[in-house]
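Some notes on the structure that comes next.
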Amino acid sequence: MALSTKNDTALLMEATKFIHTCYNELNLSKEEQINRIEEIQEEISNTGTYTHKGFELTHGAKMAWRNSNRCIGRLLWHTLDVFDERNTVTAEAAFEKLLNHIHYATNEGKIRPAITIFAPRKDGKDPIRIWNHQLIRYAGYEKEGKVIGDSTSIKLTKMCEQLGWRSDQTPYDVLPLVIQENGKVPKLFEIPKNFVKEVDITHPDLEGFNHLGVRWYAVPIISNMRLEIGGIDYPMAPFNGWYMETEIGARNLADQDRYNLLPEIAKLMGLDTKSNLSLWVDKALVELNIAVLHSYHQAGITLVDHHTAAKQFKSFEKNELENGRAVTGDWTWLIPPLSPATTHIFHQSYNHDIISPNYFYQDDPEEN
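Residue numbers (numbering that gives the first Met the number 0): 0 to 367.
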């Protein structure tokens, strides 16, 4: 059956490329590949799109993790647990599935990499979307020229307040989830406290640190990226691995436009913050990361340090080359933000080609 439009032809090309790669990796025959591509061609001709089989979706999501150029933790790409929720269409039902994801991924601290995939984009429209950057994220408030909480959350926090949310306005208020059905008015859902595992950030020996009241959540579940598999876009597909300590200790809690804790820590350490010659920023940064590592270990939460993560990435590179796949990567993201030159990644260059399947940034959904 002939394809009717240029878009149909492009979609079939993407689908064909994916099917060949996916089926070869799963040791499925050439005959099965040809038959499947013929099925897809007919479906595209009739409907303008096609539907992934369950095992295609599962392996495609794993491939997308493997192809994520910014991720240092790709060694375990094949362990990703995939939850197929493409038939979930209401915000209420989606919220229940997201709670299931949080509970499953958290696993009482023994974090499990997972992704929950909702309905695909069709005719340029999203059946369901989530406004949150992560399923668990702290709110941010602007008060008298200062920010309380997470500055990256200010816009969404205001939206939640407009939808009726009332918070304690502390630096660590967990945002509710904002879910939108088919472009309609978004709906607000508060996450029950027992679903959110948090870690009090303490230091093993720096006096006064434990009085700062710092904490962070256990699992980073990215929820605003688009998953693309074989030309099909899944605009709501929250996924998680586990934290590398520098994500928390060298970025979230350390960046000047985030929680900016380094001056306070330097003060506790008695460092001269008036001169760069004292390297007070570097010393405080190391101690903050020690605190994060100590705290997550004490709490029994899965976390990897940046030196171990770099060694794991070296193993990933070796595995990929042994399997005949080129290693792609975004060097600026792969190097850890603490002591990067002590890792092999710093001394290498990487091909930054974008390979599909993959995860992509996308525009925020539109509010009606």
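Using N, Cα and C, we set each Cβ at its ideal position, and we do this for glycine too.
Secondary structure note for Thr331: it is in no beta strand (DSSP E), and the uninterrupted alpha helix (DSSP H) holding it is 330-333. In the structure shown, the three-state DSSP call for Asn350 is strand. Within the DSSP secondary-structure output, Glu227 pairs in a beta bridge with Asp232, Asn357.
By DSSP's assignment, Gly139 forms a beta bridge with Gly148. When only Cα atoms are considered, Asp254 and Leu260 end up about 8 Å apart.
For the 8 Å CB-CB criterion, Glu13 and Gly248 do not form a contact.
Residue pairing of Gln133 in beta bridges, as defined by DSSP: Ile221. Distance check between Ile264 and each of Arg250, Asn239, Glu206, His305 places Glu206 closest, using alpha-carbon atoms only. Between the stretch 301-319 and the stretch 333-348 there are three or more inter-stretch CB-CB distances shorter than 8 Å, so the stretches are counted as touching. By the Cβ criterion, the stretch 32-40 is not in contact with the stretch 96-105, since fewer than three pairs of Cβ atoms, one from each stretch, lie closer than 8 Å. If you look at Thr115, you'll find it isn't in any alpha helix (DSSP H); it sits in the beta strand (DSSP E) that goes 113-116.
Here Leu187 is not near Asn131, since their CB atoms are 8 Å or more apart.
A distance below 8 Å separates the beta carbons of Leu292 and Glu244. If you look at Trp279, you'll find it in the alpha helix (DSSP H) that goes 279-298. The C-beta separation of Gly328 from Tyr349 comes to about 3 Å, placing the pair in contact by the 8 Å criterion. Cβ-Cβ separation between Val198 and Ile300: approximately 6 Å, consistent with a contact (criterion under 8 Å). The straight-line gap separating the alpha-carbon atoms of Asn223 and Ile147 is approximately 23 Å. By the Cβ rule, the stretch 137-144 counts as touching the stretch 165-172, because three or more pairs are nearer than 8 Å.
Between the alpha carbons of Ser44 and Glu84 lies a gap of roughly 25 Å. In the structure shown, Tyr103 adopts helical secondary structure according to DSSP, grouped into three states.
Sequence-distant partners of His58 (beyond 5 residues in either direction) whose C-beta falls short of 8 Å from its own C-beta, in its chain, are Cys21, Glu24, Leu25. The shortest C-alpha to C-alpha distance from Gln361 to any of Gly240, Asn66, Ile129, Glu91 is the one to Ile129.
Taken in chain order, no unbroken stretch of alpha helix (DSSP H) lies wholly in the stretch 56-91 with a span of 4 residues or more. Comparing alpha carbon positions, the residue from Pro219, Arg250, Lys61, Ala93 closest to Leu302 is Pro219. The continuous beta strand (DSSP E) containing Glu197 extends over residues 197-199. Inter-residue distance for Gly53 and Ile221 is about 22 Å (C-alpha atoms, whole angstroms). Scanning the stretch 11-61 for uninterrupted alpha helix (DSSP H) segments of 4 residues or longer gives 29-46, listed from N- to C-terminal end.
Of the other Cβ atoms in all chains shown, fewer than 16 fall within 10 Å of the Cβ of Ile353; this residue is therefore exposed.
Between the C-alpha atoms of Ala290 and Ile135 there is a straight-line separation of about 21 Å.
Within the same chain, Cβ atoms closer than 6 Å to the Cβ of Thr156 are found at Ala138, Gly139, the five residues on either side in sequence being excluded. Taking a C-beta distance under 8 Å as the contact criterion, Phe208 and Thr201 qualify as a contact pair. Here the alpha carbon of Glu95 sits roughly 24 Å from the alpha carbon of Tyr242. CA-to-CA, the gap between Ser294 and Glu38 works out to about 53 Å. Rounded to the nearest whole angstrom, the C-alpha separation of Asp232 and His210 is 46 Å. Cα atoms of Thr115 and Phe82: separation of roughly 5 Å, rounded to the nearest angstrom.
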